[in-house]
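A.B. asks: Numbering (my numbering), first residue to last: 83 to 442.
Think of the CB as a built atom: it goes at the ideal place given N, C-alpha and C, for glycine as much as any other residue.
Computed from a predicted model, the values in this text were never measured in an experiment.
The structure is given below, and queries will be raised subsequently.
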Ligand code: ZN
Ligand code: ZN
């Protein structure tokens with residue numbers, strides 16, 4: 083991450099506080115905190131205003147905060163909030179914004195108790211998230227590396243996968259390989275599901291083993307230098323019959339149609355509609371039980387939601403997944419997912435892994 087991006091991001095958010103009618107913002111969401119400061123510790127809070135960037139953390143992170151951030155750092159023992167509120171009072175902030183999606187009620191109570199006379203706490207929703215929607219070139223590069231790690235781990239694991247491989251072993255192997263390739267860990271709980279279990283869109287890996295004439299669904303993503311990747315691929319052990327081939331073809335066509343629909347100005351719901359139309363034409367839309375995709379970046383699920391009700395117009399620099407799927411109880415599920423960046427003219431698929439059904 084280029085160190086100079088953090089002050090720029092903070093300036094943008096600070097400049098947007100006036101229109102939210104607050105003097106300062108208490109940033110407590112972990113991903114928002116990382117976005118604005120580079121801080122990766124588990125306990126920190128930022129007081130941000132046009133003239134203030136004060137990170138409060140505890141002694142475990144004293145050295146780390148100084149290394150990772152270029153804002154003012156205050157280290158306190160115990161709760162971070164009394165020190166934060168003292169700093170706010172000293173600066174005479176009257177209307178103090180807090181992130182309503184990222185502050186526990188118990189902490190809110192504590193803030194209220196520490197509030198200076200005449201000052202007020204104001205809920206602010208989605209401000210930093212809105213700025214995170216469009217990724218910088220640096221962020222897109224970090225996502226690309228995360229995607230490459232993810233795809234390389236998948237290739238390594240599938241070279242050795244075969245009959246009798248257990249879901250839990252494949253999942254553990256994927257996580258291990260991602261770490262060896264540079265990830266800090268998986269971006270979410272790795273999904274590996276064999277046979278009829280693949281009809282569970284968020285299946286937890288079990289001791290079930292992959293048998294002949296069974297589908298295998300793998301949904302995996304890396305978290306690398308803060309940035310997520312996300313991919314789903316399907317494999318089949320043996321010779322796939324016409325039903326598997328037809329269903330696979332339908333999902334692939336839906337996924338291609340959605341990717342083709344991606345370009346700046348198109349609403350998220352329209353991309354979802356493109357995938358859904360393909361499946362409806364084959365009477366499979368009832369089996370498509372989730373959205374077509376989601377934004378990703380510092381978090382695995384970020385706005386926009388590529389779903390039926392999200393009217394967000396896409397813009398160049400947004401990074402989204404495209405992942406239609408169909409799920410048939412007793413038979414199995416098929417999902418194909420890529421990580422995609424919105425470009426000035428359309429879409430660029432970051433995921434390098436082949437989308438052919440992997441037949442072993
Ligand atoms: Zn996924
Ligand atoms: Zn996804």
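Using 8 Å as the limit for Cβ to Cβ distance, is residue 371 near chain D?
C.D. replies: The structure shown contains no chain D; it is built from a single protein chain.
A.B. asks: Nearest CA to the CA of residue 352: which residue from 389, 254, 371?
C.D. replies: Measuring from the Cα of residue 352, the nearest candidate turns out to be 389.
A.B. asks: Just to be sure I understand the criterion: a residue counts if its Cβ is closer than 6 Å to at least one heavy atom of ligand 4. Which residues meet that?
C.D. replies: What this structure holds is ligand 1 and ligand 2, not ligand 4.
A.B. asks: Mapping the DSSP letters down to three states, classify residue 87 as helix, strand or coil.
C.D. replies: Of the three classes helix, strand and coil, the one that applies to residue 87 here is helix, per DSSP.
A.B. asks: Alpha carbon to alpha carbon, how far is residue 105 from residue 128? Give it in angstroms, no decimals.
C.D. replies: C-alpha separation (whole angstroms): 14 Å.
A.B. asks: Are the Cβ atoms of residue 217 and residue 399 separated by less than 8 Å?
C.D. replies: Contact flag set, yes.
A.B. asks: Can you check which of these residues, 240, 188, 141, is closest to residue 159 by C-alpha distance?
C.D. replies: Measuring from the Cα of residue 159, the nearest candidate turns out to be 141.
A.B. asks: At a threshold of 7 Å, does residue 257 count as lining ligand 1 (C-beta to nearest heavy atom)?
C.D. replies: Residue 257 Cβ: outside cutoff for every heavy atom of ligand 1.
A.B. asks: Does the region 266-278 come within contact of the region 290-307, defined as at least 3 CB pairs closer than 8 Å?
C.D. replies: Result yes; three or more Cβ-Cβ pairs closer than 8 Å.
A.B. asks: Using only the alpha-carbon positions, how far apart do residue 316 and residue 425 sit?
C.D. replies: Straight-line Cα distance between these residues: approximately 27 Å.
A.B. asks: What residues are listed by DSSP as bridge partners for residue 315?
C.D. replies: Partner(s): 300.
A.B. asks: Check whether the region 362-382 touches the region 402-413, counting contact only when three or more Cβ pairs, one atom from each stretch, lie closer than 8 Å.
C.D. replies: Segments in contact, yes.
A.B. asks: Could you check if residue 288 belongs to the surroundings of ligand 1, using beta carbon to heavy atom distance under 7 Å?
C.D. replies: Because no heavy atom of ligand 1 lies under 7 Å away, the Cβ of residue 288 does not count as near it: no.
A.B. asks: Determine the closest residue to residue 363 out of 274, 329, 350, 404, with distance taken between C-alpha atoms.
C.D. replies: If we check each option's Cα against that of residue 363, 329 comes out closest.
A.B. asks: Taking Cβ to Cβ, would you say residue 422 is nearer than 8 Å to residue 344?
C.D. replies: For residue 422 and residue 344, yes; Cβs fall inside 8 Å.
A.B. asks: Closer than 7 Å: is that where the CB of residue 271 sits relative to any heavy atom of ligand 1?
C.D. replies: No, ligand 1 has no heavy atom inside 7 Å of this Cβ.
A.B. asks: Going straight from the alpha carbon of residue 208 to that of residue 320, what length do you get?
C.D. replies: So the two alpha carbons sit approximately 48 Å from each other.
A.B. asks: Taking the DSSP output, what are the residues bridged to residue 131?
C.D. replies: Residue 131 is bridged to 134.
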